[in-house]
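Residue numbers for the sequence shown follow numbering that gives the first Met the number 0, so the first one is 0 and each next one is one higher. Built from N, CA and C at the ideal position, the CB exists for glycine as well.
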Amino acid sequence: MVALGLPETEAPALKQYNALWLLQLPVAQSAGRGFFFCLFVSSSKMVAPRLLGNRRLWDSWTSFFLLQLLLSAVGAKQEPITADFDVRPGGMVHSYSQNLGEVTCAFTYAAQGGTNEHWEMIIGVSEDKRFISCSVWRPQGKSYLFFTQFKAEMRGAKIQHAMAYSSASVGGQDDVPLKEEEFLVTEQAVSHREGKFHSELSKLMIVAEKSHDEL
0 MVALGLPETE APALKQYNAL WLLQLPVAQS AGRGFFFCLF VSSSKMVAPR
50 LLGNRRLWDS WTSFFLLQLL LSAVGAKQEP ITADFDVRPG GMVHSYSQNL
100 GEVTCAFTYA AQGGTNEHWE MIIGVSEDKR FISCSVWRPQ GKSYLFFTQF
150 KAEMRGAKIQ HAMAYSSASV GGQDDVPLKE EEFLVTEQAV SHREGKFHSE
200 LSKLMIVAEK SHDEL
């Protein structure tokens, strides 16, 4: 079971999405608001993505559920790791990574224009320690840097779902996903697609399954 926290006002009573079942259940209280919802996985895959060619894309509500997992990790026995770092322009290739047990989330990029931006990396683990989630994003929402390349890797785990956004949701604004042709998702990484990426990036979201020898 992977636990999710959703604001009470945004929680529908029951919803099914392929192998995904969402059941209203009080699990925690946070900042004076009731948080509900546990996410039950009924197959070997966590969430069945919508397939467009070789691309795995989520509906907007699925992205919201994952973000809540990354930010709250309600019910997880191990607290999520939140780390701040600067994304630096200048055209040089930079990399930032964090470990959670034997799994590493690594973000590699090159960007130009502007000044340093404050970004966050958040890594969480499901209650059964089977799935690892990693979010890399600019909390202010929109990055104004010009990215020439990016890659986010999950070392020690196999990526099941990933999404990239040109703008992150803050202040009531919705996430703006990259176009399908702009990025590539494999079992090892989510990365820009050469010649197709339009150089805008503000958030990456990944869910990966631990390899059996790491369980």
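- Note that the C-beta distance between V135 and L177 is not below 7 Å.
- DSSP links N98 through a beta bridge to T103.
- The shortest C-alpha to C-alpha distance from S132 to any of M162, S198 and F182 is the one to M162.
- Out of Q111, I158, K141 and K150, the CA that lies nearest to the CA of S96 is found in K150.
- Under the DSSP assignment, D127 falls outside any beta strand (DSSP E); it carries neither an H nor an E label.
- Within the same chain, V86, H93, F146, Q148 and F149 come within 7 Å of Y108 by CB-CB distance, once the 5 residues on both sides are set aside.
- The three-state secondary structure of E199, taken from DSSP, is coil.
- Judged by DSSP secondary structure, D174 falls outside any beta strand (DSSP E); it is assigned neither H nor E.
- E152 counts as buried, since no fewer than 16 other beta carbons sit within 10 angstroms of its beta carbon.
- Around the beta-carbon of S201, 16 or more other beta-carbon atoms lie within 10 Å, marking it buried.
- Secondary structure at E180: helix, using DSSP grouped into helix, strand and coil.
- Under DSSP, the beta-bridge partners assigned to S134 are I121 and M204.
- It is roughly 17 Å from the alpha-carbon of D127 to the alpha-carbon of I158.
- By the 16-neighbour rule on beta-carbons within 10 angstroms, E181 is buried.
- In the three-state reduction of the DSSP assignment, T114 falls in the coil class.
- With fewer than 16 neighbouring CB atoms inside 10 Å of its own CB, G194 falls in the exposed class.
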